[in-house]
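Notes for the one structure printed next.
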Amino acid sequence: MKKTQKTEILPGTVGEGLAQRGVTRREFLQYCTSLAALLALPPAMASVMAEAISKARRQSVIWLSFQECTGCTESITRSHSPTLENLIFDMISLDYHHTLQAASGEAAEHARLQSMKDNEGKYLLIVDGSIPMGNPGYSVIAGISNHDMLVETAKGAAAIVAVGTCATYGGIPMADPNPTGAVSVSDIVKDKPIINVPGCPPIPVVMTGVLAHFLTFGGIPELDALGRPKSFYGETIHDRCYRRPFYDQGKFAETFDDEAARNGWCLFKLGCKGPVTHNACATTKWNDGTSFPIESGHGCIGCSEPKFWDAGPFYKALSMPVSATTAMLGASVAAGAAAGVAITWHNRSTKAAAKASHETVTVQDLAREEK
Amino acid sequence: MSVNLAKGINAFKEVIDAPIASFFSSCVHCGLCAEACLFYTETGDPQYTPIHKLEPLRRVWKQEYTLLGKLGKMLGLSKPVTDAELEEWKPLVYNSCTMCSRCAMACPVGNDMTYMIRKMREGMAASGHAPADLIGASTRSVEIGSPMGIRLPAVKAQMKHVQADTGIEIPLDVAGAEYLVLMSSMEIINFPEYLAAVAKIMKQAGKTWTLCSEAFEATNSGIQIGVSDIAKILVQRIVDGAEKLKVKTVISPECGHAYTALRWEGPNLVGRPYTFDVLHILEVLDGFRSAGLLKTTGFEDALLTFHDPCQLVRRGGVLEQPRNLLKMVAKNFVDTTDHGQMNWCCGGGGGVSAIEEAEPLRLQAFKKKKSQLEETGAKTLVTACANCRIVLEEGLEHYHMNIPVVGLTEMIADHLTEGE
């Protein structure tokens, strides 16, 4: 099983593309090691990944953009060429992408249809943006409504990756009062595996990491209840935040310009949503590992969680309960108290009965038992 | 009218109160109490883990006083407490627990195992699972007046001897005296020095005191066996005697459990506050000392150490007094490693010394005390409990250790300044 020496380079594979670009195997292995670490895989998996990726045929990918701001695309292209994130881009054959493709008009649509035909059942569909259900005319591409294009393209896809909070959970288009009747990909497509990569936008390395996982293992990674890969969304920002020690000590900034804020204390009271937000910002960080929002002095706004836009003001502390919680709390307290009273009453009557049936114990009684 | 299982279970239900419920529900099963118990440390047998000794009581609590337990009992899922089981637990609840309370000091959640053992013994006695020796002691206490079967004439005889030895008249039934002095049977039979010592000290302090012909015995077998009805009769005798003679203070002798029984349990047993104070003899002596009424000359030569009686330090708060007093007569004093509140029990408290079948186990447990003593290299052992004293003497003799055991009161009396 040990193949430590040069892997043979097959024509038309990722490996060939890399070799042509002058990327050494050593560099590639380093990349795979860091990728394995990011995906929380054992270190031994790095070489397996390298093997799988370099031998893989370039994966056909169709990227559809619906009601979105192109921020997700902006994010994924910020993979700092010539750093290794770019490699992922070379592993795929991006057959259709509004912003990045050279073709336009009929030719562009033809590329999509051709790829769907050639790679039936194998291509990967990436979607960013939500789908308007109010009126099909709200968002149309080449005369086709977003809904129809999604249904048509999803049919032959091996799997779907919904990137960005709009595609995963509706995002800002769906925010109250949701004028376009926006819905997420998973609201429409029910019969295909969907990987949700939320975030507004998602972290570049998270998007590329999910693609790499798909290429390596040919399947979808382990997902949480909201369809997110656990390796990136398994923990909260709060649990991994470098300001967490201040939270534990009860040291909070009260305003953005006070002494505490300058000292870098916890931003919880300023509305940081870190405790309820699952994402990898605090560990992978942004802009080639430079920093993440909290490090820049602003609380997390919770962009990788469903309905983050409508989940209360960004600057209101999380601990302030909303009314539904209060009512539920009140009811639970009342129910608990009632149960407590009932049990206490029953226990008291048990004890009273025991007292009432006490017969005085005399030494004669004790002696009688003596055999 | 005889005792039976139903009565025992009823007694368990009766004694379970808020403290016991909270103790059982807060036990985290850490096992720290085992390491604090000399019966466990000296045998290594996990059945001597203090909280385990309470298992039948815990099950009754669970079945009768918790929601899940009640449901389980209703559905027949729980194991009822049986006679056979209680008989099996008898040696754990009596022979291997001196109610020394060291485990309660070690418990991280503050469970008072002694409190629970005391209450559990109510159910053990009411179901007929009390040791025969303790039944005998209780019977003698109620019917004769003393657990060792001592009657008033024996006390009078001792008074006569002491009078002859000291030349001090021993007052009996003197109404209006300030102090009523009680004794334990052990002191009447084995340690007559105690009465002589008290007589000398009272004379020097210029205090009025008396013995009482109806209430000379301080020990309370009812507490040891765990029958409150009997304990109440015994406490009532002392209350009646003290109130008849209108004394201000009743002095508990050098006896641990007599003190806690009279001072802490007594008013609850008789159902009202006393009209008098209850003090341990060491508290009285330390009071005399600070008031300048206790004058001594000379010091003991031998290296001394002190055995803190469990009931005094852990359940009575008499901690500083013996050391204050020892300073008056001892220059050469050394404390054991675990002294004061964490002192190790002699192994014979809580009625254990009266149970004959418990003797081998008691002597095995004494190894703890033995090693403690050997560590100090002390030549004389001082204590303030007649029961500790006899148990210590027996243990030392068994292990061929030549260390005399002395009561603190008599040691003080030996150094009283003569004359005036």
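Line order of the protein sequences matches chains W and H. The UniProt record's numbering numbers the first residue of the first sequence as 1 and each following residue consecutively. The UniProt record's numbering numbers the first residue of the second sequence as 1 and each following residue consecutively. C-beta atoms are modelled at their ideal positions from N, C-alpha and C, and glycine is treated no differently.
Out of the options, which one is the CA nearest neighbour of residue i?
| i | options | result |
| --- | --- | --- |
| Val352(H) | Leu92(H), Glu35(H), Ile150(H) | Leu92(H) |
| Ile9(H) | Ser101(H), Ser228(H), Met124(H), Asn111(H) | Met124(H) |
| Gly222(H) | Leu293(H), Glu122(H), Glu418(H), Cys385(H) | Glu122(H) |
| Gly266(H) | Glu283(H), Gly241(H), Ala231(H) | Ala231(H) |
| Phe66(W) | Ser145(W), Arg21(W), Arg348(W) | Ser145(W) |
| Asp133(H) | Ile281(H), Ala358(H), Gln158(H), Leu396(H) | Ala358(H) |
| Glu68(W) | Leu100(W), Glu120(W), Ala182(W) | Ala182(W) |
| Lys355(W) | Ala11(H), Val3(H), Asn4(H), His280(H) | Ala11(H) |
| Leu125(W) | Pro136(W), Asp148(W), Ala157(W), Asn135(W) | Ala157(W) |
| residue 372(W) | His97(W), Lys230(W), His298(W) | Here chain W covers residues 1 to 371 and nothing more, so residue 372(W) does not appear. |
| Glu64(H) | Val363(W), Arg57(W), Thr360(W), Trp345(W) | Trp345(W) |
| Met105(H) | Glu254(H), Cys37(H), Glu42(H) | Cys37(H) |
| Ile53(W) | Phe292(W), Glu16(W), Cys166(W) | Glu16(W) |
| Glu173(H) | Pro192(H), Glu243(H), Gly292(H) | Rather than Glu, the amino acid found at residue 173(H) in this sequence is Asp. Answer by Cα proximity: Glu243(H). |
| Thr219(H) | Glu193(H), Lys207(H), Lys203(H), Glu187(H) | Glu187(H) |
| Met133(W) | Leu38(W), His98(W), Ser184(W) | Ser184(W) |
| Ala330(H) | Val382(H), Gly292(H), Glu214(H) | Val382(H) |
| Val235(H) | Pro273(H), Thr41(H), Pro56(H), Asn332(H) | Pro273(H) |
| Gly298(H) | Phe24(H), Lys327(H), Lys160(H), Thr305(H) | Lys327(H) |
| Leu38(W) | Arg228(W), Ala280(W), Thr180(W) | Ala280(W) |
| Ile76(W) | Phe308(W), Gly105(W), Gly199(W) | Gly199(W) |
| Gly226(H) | Val60(H), Ala126(H), Ala205(H) | Ala126(H) |
| Thr296(H) | Ala154(H), Lys200(H), Ala157(H) | Lys200(H) |
| Gln114(W) | Ser60(W), Thr277(W), Pro179(W), Val276(W) | Ser60(W) |
| Asn263(W) | Tyr138(W), Asp365(W), Arg243(W) | Arg243(W) |
Would you mind telling me which residues of chain W sit closer than 9 Å to residue i, beta carbon to beta carbon, in chain order?
| i | result |
| --- | --- |
| Glu85(H) | Within chain W, no residue comes near Glu85(H); the closest Cβ sits about 17 Å away, beyond 9 Å. |
| Ala354(H) | Near Ala354(H) there are no residues of chain W at all, since even the closest Cβ is about 14 Å away, more than 9 Å. |
Which residues does DSSP pair with residue i in a beta bridge?
| i | result |
| --- | --- |
| Phe214(W) | None, per the DSSP bridge assignment. |
| Phe252(W) | Cys266(W) |
| Gln59(W) | Ile92(W) |
| Met183(H) | Glu217(H) |
| Trp286(W) | Ser291(W) |
| Gln67(W) | Ser130(W) |
| Pro42(W) | Pro42(W) pairs with nothing; no bridge assigned. |
| residue 376(W) | The structure shown does not extend to residue 376(W), since chain W is modelled only from 1 to 371, so the question has no answer here. |
| Glu14(H) | Answer is none; Glu14(H) lacks a bridge partner. |
| Val142(H) | Answer is none; Val142(H) lacks a bridge partner. |
| Pro322(H) | Pro322(H) pairs with nothing; no bridge assigned. |
| Phe306(H) | Val382(H) |
| Gly407(H) | Thr383(H) |
Say yes only if the C-beta of residue i is nearer than 7 Å to one or more non-hydrogen atoms of the ligand SAM, and no if none qualify.
| i | result |
| --- | --- |
| Lys285(W) | The ligand SAM is not part of the structure shown, which contains no ligands of any sort. |
Find the residues of chain H that neighbour residue i, judging by a C-beta separation of less than 8 Å, and give them in chain order.
| i | result |
| --- | --- |
| Asp224(W) | Per Cβ cutoff of 8 Å: no residues; Asp224(W) is ~33 Å from chain H at best. |
| Ser357(W) | Asn10 |
| Ile343(W) | Leu67 |
How about residue i and residue j: do their beta carbons lie closer than 8 Å?
| i | j | result |
| --- | --- | --- |
| Ala311(H) | Thr260(H) | Checking the sequence shown, residue 311(H) turns out to be Gln, not Ala. For Gln311(H) and Thr260(H), yes; Cβs fall inside 8 Å. |
| Pro43(W) | Ala36(W) | yes |
| Cys255(H) | His307(H) | no |
| Lys379(H) | Met401(H) | no |
| His129(H) | Leu86(H) | yes |
| Phe314(W) | Gly274(W) | no |
| Ala258(H) | Arg237(H) | no |
| Ala137(H) | Ala413(H) | no |
| Gly407(H) | Arg389(H) | yes |
| Asn343(H) | Asp286(H) | no |
So residue i packs on residue j, CB below 8 Å; how close in whole Å?
| i | j | result |
| --- | --- | --- |
| Pro202(W) | Cys32(W) | The pair is not a contact, with the Cβ atoms about 21 Å apart (cut-off 8 Å). |
| Thr208(W) | Arg240(W) | Rounded, the Cβ-Cβ distance is 20 Å, inconsistent with contact. |
| Ala56(W) | Thr13(W) | 6 Å |
| Leu279(H) | Phe288(H) | The pair is not a contact, with the Cβ atoms about 11 Å apart (cut-off 8 Å). |
| Ser213(H) | Ser185(H) | Not quite, the Cβ-Cβ distance comes to about 16 Å (not below 8 Å), so this is no contact. |
| Ala159(W) | Phe214(W) | 7 Å |
| Gly350(H) | Leu319(H) | 20 Å between Cβ atoms; not a contact. |
| Ile194(W) | Ala162(W) | 6 Å |
So with CB distances below 7 Å, who are the chain W contacts of residue i?
| i | result |
| --- | --- |
| Lys73(H) | Those do not exist, as Lys73(H) stays about 11 Å from chain W at its closest Cβ, beyond 7 Å. |
| Val142(H) | Val363 |
| Ala130(H) | Leu366 |
What residues from chain H crowd round residue i, counting only those whose CB sits closer than 9 Å?
| i | result |
| --- | --- |
| Val361(W) | Val3, Lys7, Ala11, Glu122, Ala125, Ala126, Val227, Ser228, Asp229, Ile230 |
| Asp176(W) | Those do not exist, as Asp176(W) stays about 44 Å from chain H at its closest Cβ, beyond 9 Å. |
Using a C-beta to C-beta distance shorter than 8 Å, which residues of chain W count as neighbours of residue i?
| i | result |
| --- | --- |
| Glu14(H) | Lys351, Ala354, Lys355, His358 |
| Ser138(H) | Val363, Leu366 |
Which chain H residues are close to residue i, counting only those with a beta carbon under 7 Å from its beta carbon?
| i | result |
| --- | --- |
| Asn347(W) | Tyr65 |
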